[in-house]
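Here is the structure we will look at, set down as C-alpha cells.
In full-length UniProt numbering, the protein residues as written are 1 to 337.
Here you go:
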C-alpha cells in the first residue's frame, strides 16, 4: 500500500512539473506570434498611439514577460485565468463551456474507435492470411497515414456535397432548441426527451466523429490483431480446443480476455490523439468546441484564451496518462515500479 502511495505521489509531482514547464513555454511562445492584440482590440479604425499605449499598460502587456507570467500564474493557482482580450469574458468559464462540446464529440469518437478497432482487428487475426486480413492491413495503414484535415474535407465532399446525407458543419440546426440541464448538449437533449434535438446533434456529429476516430481506430485495429495473434498460439488455447470448446468460444472466453490488456492501454493513450485531433477536426467542421475556440483565439492574438485552453488540454492529457499508467499497473503487476 505504501509503495502504491509513493508511486502515486511521484506521478503527481512529475505531472505538476510538466504542467508548469508547459505553461512557461506557452506563455513565452504565444507572445512570439506576429500581431498585436491591442491593435485587434482597437479595431480597424484604430486610435492614437497614446490610446494604444494606455490600453497596453492597462492590460499589463508593457511589463517584462517573466513579470506577466508570475502575475498570471498566481491568479491561475486561484482559478482565475484572466479575461478574454476581445470579449472580456472570464477565460476559465468559457473554456469549460466549450470543453463540454469537445468532450461529447471525443467520447463518441472514442467509443466508435474502440468498437471498430477491436472488432476489425480480432476478425483480421482470426482470418490471418486471407483476403479480409489483407484488406484490413491496407485500410488501417491508410487510416494511420491520412491527415485529419484531408480526411475531414473528403468526408464533407462525399457525404455532404455529393450525397447530401449529413450537414457540412456545426452542431445544431438553426431551428433546434435544447433546454440547458447539464451543459452537455447531447446529454441535455436526451435528458429532456427532445428526440428531434438528439437526432439533429447526432447527424451533425457523425462526420467529425468519423474523422476524429479514423487514425486511432486504425491503430487500435492493428494493435488488436497483433495482440490476438500473440495470444492465440498459447498452450491454453490449444488445451481449450482439445476439451471440445468451439473455436469461437475459445477466442471470446480466453483469447480476448488476455489480448485486451495491451489494447486497453493503447485505447487510453489514444485519448491524447483524440484531444489533439479535435483542434483540427473542430476547425474543419465548425464544431463549437475547445479546439475551434483556441484557433479563433490564436488568429486574434487573444493571449489569455490561448493560454487557458492549452493549459486545460495539457491537464487533461497529463491526467489521462496518469490514470492509464496507474490502471495498467493494477491490471498487470509485472510492470509496477
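C-beta: ideal position from N, C-alpha, C; glycine also.
Taking a C-beta distance under 8 Å as the contact criterion, residue 291 and residue 102 qualify as a contact pair.
At a Cβ-Cβ threshold of 8 Å, residue 277 and residue 115 do not count as neighbours. For the pair residue 271 and residue 320, the CB atoms are nearer than the 8 Å cut-off.
DSSP places residue 68 in the helix class (H, G or I) of the three-state scheme.
Taking a cut-off of 8 Å on C-beta distances, the region 93-107 touches the region 282-298, as three or more cross pairs fall below it. Contact between the region 198-217 and the region 162-175 is established, with three or more Cβ pairs separated by less than 8 Å.
Non-local C-beta neighbours of residue 133 in its own chain, meaning closer than 7 Å and more than five positions away in sequence, comprise 124, 127, ordered along the chain. Residue 85 places its beta carbon 8 Å or farther from that of residue 151.
The beta carbons of residue 318 and residue 48 sit no closer together than 8 Å.
DSSP places residue 100 in the helix class (H, G or I) of the three-state scheme. Counted as a single uninterrupted DSSP element, the alpha helix (DSSP H) harbouring residue 216 occupies residues 195-231. With a cutoff of 8 Å on beta-carbon distance, residue 197 and residue 168 are scored as not near each other. Considering only 219, 139, 87, the residue with the shortest C-alpha distance to residue 265 is 219.
Straight across, the Cα-Cα distance linking residue 298 with residue 29 is about 11 Å. Put simply, of 25, 295, 95, 142 the residue whose alpha carbon is nearest the alpha carbon of residue 73 is 25.
Within the same chain, and ignoring the five residues on either side of residue 315 in sequence, the residues whose Cβ sits closer than 8 Å to its Cβ are 19. Separation of the CB atoms of residue 121 and residue 23 is rounded to 38 Å, and the pair is thereby denied contact status at 8 Å. Pairing residue 55 with residue 38 gives a Cβ-Cβ distance under 8 Å.
For the pair residue 294 and residue 306, the CB atoms are nearer than the 8 Å cut-off. One alpha carbon belongs to residue 135, the other to residue 34, and they sit about 46 Å apart. The shortest C-alpha to C-alpha distance from residue 108 to any of 225, 90, 211 is the one to 211. Looking at the DSSP output, residue 90 sits in a beta bridge with 83. Cβ-Cβ separation between residue 209 and residue 112: approximately 6 Å, consistent with a contact (criterion under 8 Å). Here residue 140 carries a helix assignment [DSSP, helix/strand/coil]. Around the C-beta of residue 221, 16 or more other C-beta atoms lie within 10 Å, and the residue is accordingly described as buried.
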